[in-house]
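Scroll down for the structure; my scribbles are underneath it.
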Ligand code: COA
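In the working numbering, the protein residues as written are 760 to 1174.
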């Protein structure tokens, strides 16, 4: 069976996390991704957070599956000549250098267009045009500048960053969509275009509901689904909502049996209005079904703390899995707090390829997250990440370079 992006060639100038997330997805959908790395060094993450001396880190291997790696000094005149050939033979150039790096290398948008008018140039940057456009950005800076940190955490604590890499991996996802759209538009126009995904924009997009709440707060001065209601104070900006869903169906994290010793013995419980009756039955509060102080969602809003305390008194008598089984039997939405240890061992995630075991020549076997997006006619086979420069000679030969030229590049340390 073919793959969705068969025939698409990606010149992958990405490093660290955001860009590699994007090109890994494209590779999983069948694109030929050629990762260009600095000769003698490679993507800096190859050696960051190493758990085995001298072996590519999990940081690198888990973000660079299904790619080919070539080394090339793109600041050397002969390296630039090879890069020109690559630009002419590829469909998309993806990069997440600091602002201006590609231009400084001599490969401006105009130059790339002159070499290959069909080339799509896709970039992750920290910020879009504006006061911070020249700034370098890493994950947590994006979470802070994109609105996530100011809205995450507890009301009486400092802003918090989240473990989900919404700045890096989230922006990589946004960029991948932009690239596929640009490829689609190219079918009609025959021309490439620039695709930009700024990390601040990507995070803000994922925090869309908080900008919704900002405007609700500005209009009404209060948000009844937030834990600050009814006894706390609201300021002028959306506050941190702790574990409250803050949405139309109030939810919270509640303790389960074993919480005293297990940091993940918790459950997310949603008091969905249509199943209020069932919730009351399960937790033994039948009186709340008809009591006007509890019977409707509006009536419950000032009493959410009390409601969740009653729910927790029930969940603390069950493990998170027992509680989940019982609640699901009544169609009550809830979810266990799963640790990475539990996710790694979960058979259903292995069965769908969302968690995969990969074999690597120097690392041995390791676990990775496979393609979370499943296409029925383009299944993903996760292949190990390339060693540094593993495909340099293969790719240069495909570009038409003779063996003698390749030897000369090697002797001059251009590759
Ligand atoms: N051959 C020769 N030089 C190369 C090369 C190659 N194959 N590949 C890269 N380089 C050069 C670049 O041209 C640049 O040189 P210059 O600064 O002299 O112009 C240099 O290597 C370093 O690139 P840079 O991107 O500045 O790396 P950095 O380590 O200083 O910064 C980031 C890292 C992530 C902060 C920065 O790249 C950035 O802000 N990227 C955009 C936002 C982003 O993606 N952040 C999230 C990362 S997960």
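All residues carry an ideal CB built from backbone N, CA and C; glycine is no exception.
This one's a predicted model, so the numbers in the text were calculated from it and none came from an experiment.
Look up residue i in the DSSP assignment and give the residues it is bridged to.
i: residue 1011; result: 1028
i: residue 1095; result: 1026
i: residue 1038; result: In the DSSP output, where bridge partners are listed per residue, residue 1038 has none listed.
i: residue 827; result: 793
i: residue 1125; result: 1117
i: residue 884; result: 957
i: residue 879; result: 851
Compare the C-alpha of residue i against each of the options and name the closest.
i: residue 956; options: 935, 1001, 831, 1106; result: 935
i: residue 1096; options: 1005, 1090, 1022; result: 1022
i: residue 816; options: 1131, 1139, 1126; result: 1126
i: residue 1018; options: 889, 1000, 1080; result: 1080
i: residue 1073; options: 991, 1025, 949; result: 1025
i: residue 969; options: 1120, 838, 999, 848; result: 999
i: residue 1120; options: 875, 1143, 910; result: 1143
i: residue 880; options: 766, 852, 962; result: 852
i: residue 793; options: 842, 1135, 1002; result: 842
i: residue 983; options: 964, 769, 1004; result: 1004
i: residue 854; options: 1060, 783, 1002; result: 783
i: residue 1152; options: 1165, 929, 921; result: 1165
i: residue 952; options: 868, 797, 833; result: 868
So for residue i, helix, strand or coil by DSSP?
i: residue 995; result: coil
i: residue 1059; result: helix
i: residue 1119; result: strand
i: residue 837; result: helix
i: residue 1086; result: helix
i: residue 1165; result: helix
i: residue 854; result: strand
i: residue 1177; result: Absent from the structure is residue 1177, since the part of the chain shown begins at 760 and ends at 1174.
i: residue 1132; result: coil
i: residue 768; result: strand
i: residue 933; result: helix
i: residue 799; result: coil
i: residue 818; result: helix
i: residue 1157; result: helix
i: residue 1141; result: coil
i: residue 925; result: coil
i: residue 914; result: coil
i: residue 1080; result: helix
i: residue 809; result: coil
Roughly how far, in whole angstroms, is the beta-carbon of residue i from the beta-carbon of residue j, given that I think they are within contact range, below 8 angstroms?
i: residue 830; j: residue 1158; result: Rounded, the Cβ-Cβ distance is 14 angstroms, inconsistent with contact.
i: residue 1063; j: residue 1138; result: With 8 angstroms as the limit, residue 1063 and residue 1138 do not qualify as a contact, their Cβ atoms being about 44 angstroms apart.
i: residue 1114; j: residue 1105; result: 7 angstroms
i: residue 945; j: residue 877; result: 6 angstroms
i: residue 803; j: residue 767; result: Their Cβ separation, rounded to whole angstroms, is 27 angstroms, which puts residue 803 and residue 767 out of contact at 8 angstroms.
i: residue 786; j: residue 824; result: 7 angstroms
i: residue 931; j: residue 883; result: 7 angstroms
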